[in-house]
Amino acid sequence: MGVIPQHLPDQRQDYFVKYLDEYRDARIARALAAEIAQRTTQPWVLMEICGGQTHTIMRYGIDELLPKSLELVHGPGCPVCVTPLETIDKAIELALRPDVTLVSYGDMLRVPGSRSDLFRAKAQGADVRIAYSSMEAVKIARANPERKVVFLAIGFETTAPANAMAVWQAKRNGLKNFSMLASHVLVPPAIRALMVSETNRVQGFIAPGHVCTVMGCSEYEDLVRDFHVPIVVGGFEPVDLLEAVLMLVKQLEGGEAKLGNQYVRSVSYQGNVPAQQIMDEVFAIADQKWRGIGSIPRSGLRLREEYAAYDANRVFDLADIVVDEPAECISAQVLQGLKRPPDCPAFGMRCTPENPLGAPMVSSEGACAAYYHYRRHTIAS
Amino acid sequence: MSATKTIAELSCPAPLPAKDTVLLGHGSGGKLSAELIRDVFLPALSNPVLARLDDQAIVNINGQRLAITTDSFVVKPLFFPGGDIGSLAVHGTVNDLAMGGATPLFLSAAFIIEEGFSMEQLQRVVNSMRQAADAAGVQVITGDTKVVEKGKGDGLFINTTGIGLVPDGVEVSAHGARPGDKVMLSGSIGEHGIAILAQREGLEFESEIQSDSAALHTLVAEMLQVTRDIHCMRDPTRGGVSSTLNEIAEQSHVGIELEERTIPIHEEVRGACELLGLDPLYVANEGKLIAIVAPESAEAVLQAMRRHSLGSGARIIGTVKKENPGLVTMRTDFGTTRIVDMLAGDQLPRIC
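Just so you know, the sequences run in chain order A and B.
Just add 19 to the spot in the first sequence (first one is 1) and you have our numbering.
Just add 16 to the spot in the second sequence (first one is 1) and you have our numbering.
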């Protein structure tokens with residue numbers, strides 16, 4: 020499945036290789052919303068996993084188009100949000116060392132650790148650079164042999180292959196001054212953790228399209244079977260999300276639980292096999308701490324022994340540290356879909372993007388920030 | 017912060033108090049910039065003219081209303097498709113005068129040059145300034161040169177100050193928006209910011225995106241010919257259309273509601289923004305203006321703008337409202353409404 024319903028005007032011919040206009044077409048969106056409303060006979064709770072999807076829902080007001088009995092809750096798929104404070108603190112500590120150049124993606128620089136962030140470290144004189152890809156960090160290392168270049172590598176399965184490739188390249192080229200501070204997380208173990216939780220309310224999942232572009236859909240089959248829960252891989256545009264919701268509602272109303280793929284223009288069943296191979300070559304699966312949620316077994320990636328010389332945790336003398344989240348922050352419940360950001364008493368008052376209490380208010384993909392940026396005018400204070 | 021031991025001692029997480037250092041974001045034109053002005057500059061330098069926080073100061077001298085503005089240019093790269101730091105230094109300051117309804121007359125130019133800077137490049141920049149000034153009908157009548165040691169500057173910085181005269185009966189300011197007014201935009205957005213970014217990052221697109229850098233005062237003059245009912249005018253430079261409208265909403269204590277479908281964006285800019293994870297509403301322009309106009313004059317102003325080459329793509333993009341004072345909202349194509357927020361600092365490319 021995963022095509023725009025038959026009865027809708029087919030504009031694909033004209034637009035297909037254009038940007039994403041057809042997936043932002045208000046007419047198609049309204050028709051999908053009408054069909055969802057018509058098919059929904061009882062309340063359902065659906066979760067979109069990815070922060071990019073949450074962002075689209077808030078930006079376009081998708082939730083406003085849905086019947087009241089359909090509740091969308093927002094999942095843990097914001098890589099910045101679930102990166103443990105300790106990782107950020109380690110990155111800042113490394114960045115402040117005079118012989119280190121720290122490289123990362125732009126939005127990591129603003130994420131606060133315990134006391135500072137990488138922007139502030141940069142203002143204090145740390146050599147912090149923004150890269151669009153991990154390979155740029157390798158290039159910087161090659162061009163500056165006197166600097167110890169550390170790439171702060173975070174993210175889901177989406178960014179893992181490119182990061183693995185950077186390490187692999189560094190090793191192949193015999194680079195001695197490149198290492199990676201990795202904090203990678205995996206989606207399926209997180210869905211499993213949500214489903215086994217006693218407090219779980221989620222009855223259907225929109226799986227993250229970008230992650231599945233890399234990993235394919237096959238690894239979601241077990242979850243569908245084990246928990247009898249429908250999962251539909253969804254894209255990131257409004258029409259994508261509405262179509263994914265419709266595919267879930269059809270299943271739920273019919274008492275079915277199957278794996279569906281709405282994002283067929285990008286996701287295949289097997290995924291990107293060479294990307295998976297390079298990930299597997301460099302990374303091993305490990306237990307991983309998620310900020311706001313806690314440790315989830317086998318939900319992260321660490322560098323394999325063969326690549327230990329490129330693991331910043333081993334190259335540098337970094338003490339293990341444990342820090343607590345502010346008691347007032349309900350991000351744990353938000354990231355598990357138990358509460359919505361406006362349910363938090365601190366939302367928009369003591370917690371804003373300028374003064375965040377927790378990560379979901381910091382990252383542009385965080386659920387709290389999405390509500391704050393796009394919808395706070397509709398939330399009664 | 018010492019390098020090794022501090023982290024283990026920490027217990028209080030996220031909130032970021034540190035106002036002890038200046039961050040790059042303080043220069044972004046977003047919330048951090050506003051804070052810097054509010055907390056540091058205004059208290060120390062306060063006077064009623066400064067406190068208006070318009071793009072230009074307007075002072076009355078012997079019955080003549082004089083507009084004064086100053087701007088520093090630190091753009092990298094120095095040369096970009098559609099302009100260079102020299103033409104930009106003229107256009108930027110001319111536009112800040114024009115946004116107050118003033119006729120620009122004279123400029124000053126100050127150069128901070130890093131030791132070792134290429135004389136040939138300096139000559140090109142200065143020639144370009146001359147051309148831009150001639151085209152705009154202004155003269156550079158005074159200047160200054162400083163050279164800093166190698167490594168203490170970044171090639172070349174330019175500051176220009178401009179002086180102009182405000183014609184009688186012209187009253188435009190960021191404080192003047194009233195409920196019912198129409199929000200007008202002179203053309204498509206985001207071209208300057210994307211041209212710079214593409215050049216800086218070595219990104220290549222099918223067709224080269226040119227900066228829109230241009231002097232807008234003749235367009236403004238045409239608009240003022242039609243009516244004096246133009247309540248606000250601003251050029252949406254740093255921070256883009258969204259930051260400019262947020263400032264107007266705040267300073268005028270009104271809400272502003274935009275219509276998403278009416279905002280003109282070139283395909284190339286849209287594609288580049290898509291690729292980079294940027295929102296064109298936050299990307300800088302150097303040759304566009306936003307005007308807030310009384311509803312009864314809106315159509316006439318629109319026609320006047322469209323007759324001018326720099327306003328041929330002009331559109332009405334929204335309306336000033338009583339509701340939600342201080343907020344900019346947008347009616348999406350889906351019929352829903354969202355906030356168009358002011359950014360805290362610079363817009364950052366997202367991780368995925």
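Even glycine gets a Cβ: it sits at the ideal position worked out from N, Cα and C.
Note that the coordinates shown come from a computational prediction; the quantities given were computed from them, not determined experimentally.
For this session: Determine, using beta-carbon pairs with one atom in the region 291-307 of chain A and one in the region 183-192 of chain A, whether at least three such pairs fall under 8 Å.
Result: yes
Exercise. Looking at the C-beta of residue 335 of chain B, does it have a partner C-beta in chain A at a distance below 7 Å?
Worked result: no
For this session: Grab me the residues of residue 234 of chain A's own chain with a C-beta within less than 6 Å of its C-beta, minus the 5 sequence neighbours each way, in chain order.
Result: 176, 290
For this session: Tell me residue 309 of chain A's beta-bridge partners as DSSP assigns them.
Result: A/313
Problem set entry | Closest Cα partner of residue 185 of chain B within the set B/226, B/170, B/216, B/118 | B/118
Exercise. Nearest to residue 131 of chain B by alpha carbon, out of B/225, B/164, B/194?
Worked result: B/164
For this session: Answer yes if the region 162-177 of chain B comes into contact with the region 55-70 of chain B, meaning at least three C-beta pairs across the two stretches below 8 Å, and no otherwise.
Result: no
For this session: Pair every Cβ in the region 190-207 of chain A with every Cβ in the region 221-241 of chain A, then say whether three or more of these pairs are closer than 8 Å.
Result: yes
Exercise. Pick from B/90, B/104, B/335, B/261: whose alpha carbon is nearest that of residue 148 of chain B?
Worked result: B/104
Exercise. How about residue 23 of chain B: is its C-beta nearer than 7 Å to some C-beta of chain A?
Worked result: Residue placement at residue 23 of chain B is flagged as unreliable, the pLDDT there being 28, under the threshold of 50; a coordinate-derived value is accordingly withheld.
For this session: Run the CB neighbour count on residue 62 of chain A, radius 10 Å, all protein chains shown included, and call it buried at 16 or more, exposed below.
Result: exposed
Problem set entry | Beta bridge counterpart(s) of residue 271 of chain A as assigned by DSSP | The partner list for residue 271 of chain A (beta bridge, DSSP) is empty, contrary to what the question assumes.
Problem set entry | For residue 276 of chain B, the three-state DSSP class (helix, strand or coil) | helix
Exercise. Which residue or residues does DSSP assign as beta-bridge partners of residue 337 of chain B?
Worked result: B/271
For this session: Run the CB neighbour count on residue 170 of chain A, radius 10 Å, all protein chains shown included, and call it buried at 16 or more, exposed below.
Result: buried
Exercise. Going by other Cβ atoms of all chains shown within 10 Å of its Cβ, with 16 needed for buried, is residue 79 of chain B buried or exposed?
Worked result: exposed
For this session: Apply the 10 Å Cβ neighbour rule to residue 368 of chain A and answer buried if 16 or more other Cβ atoms are within range, or exposed otherwise.
Result: exposed
Exercise. In terms of residue numbering, what span does the alpha helix (DSSP H) encompassing residue 353 of chain A cover?
Worked result: 350-354
Problem set entry | Inter-residue spacing [alpha-carbon to alpha-carbon] between residue 247 of chain B and residue 278 of chain B | 21 Å
For this session: Quick one: list the residues of chain B neighbouring residue 83 of chain A, beta-carbon separation under 7 Å, in chain order.
Result: 352
For this session: In angstroms with no decimal places, state the Cα-to-Cα distance between residue 79 of chain A and residue 350 of chain B.
Result: 7 Å
Exercise. Between the region 69-100 of chain A and chain B, which residues of the former have CB atoms less than 8 Å from a CB of the latter, in chain order?
Worked result: 71, 77, 78, 79, 80, 81, 83, 84, 98, 99
Exercise. Is residue 341 of chain A helix, strand or coil when you go by DSSP?
Worked result: coil
Problem set entry | Partner residues on chain A for residue 348 of chain B, Cβ-Cβ distance less than 7 Å | 79, 80
Problem set entry | When B/239, B/124, B/254, B/355 are compared against residue 158 of chain B, the one with the closest alpha-carbon | B/124
Exercise. Taking DSSP as the reference, what is the three-state secondary structure of residue 346 of chain B?
Worked result: strand
Exercise. Do three or more CB pairs link the region 304-315 of chain B to the region 210-222 of chain B at distances below 8 Å?
Worked result: no
For this session: Tell whether a beta-carbon distance below 7 Å holds between residue 116 of chain B and residue 87 of chain B.
Result: no
For this session: Tell me whether residue 293 of chain A is buried or exposed, calling it buried when 16 or more other Cβ atoms sit within 10 Å of its Cβ.
Result: exposed
Exercise. Residue 44 of chain B by DSSP, collapsed to three states: which one?
Worked result: coil
For this session: Please confirm whether residue 199 of chain B and residue 333 of chain B have their CB atoms less than 7 Å apart.
Result: yes
Problem set entry | Alpha-carbon spacing of residue 292 of chain B relative to residue 353 of chain A, whole angstroms | 28 Å
For this session: Run through the region 122-187 of chain A for me and flag every whole beta strand (DSSP E) of 3 or more residues, listed as ranges in chain order.
Result: 146-149, 167-174
For this session: Please list the residues of the region 198-225 of chain A that have a C-beta atom closer than 7 Å to any C-beta atom in chain B, keeping them in chain order.
Result: none
Problem set entry | Per-residue contacts from residue 138 of chain A into chain B (C-beta, under 9 Å) | 39, 40, 41, 361
Problem set entry | Euclidean distance between Cα positions of residue 348 of chain B and residue 83 of chain A | 12 Å
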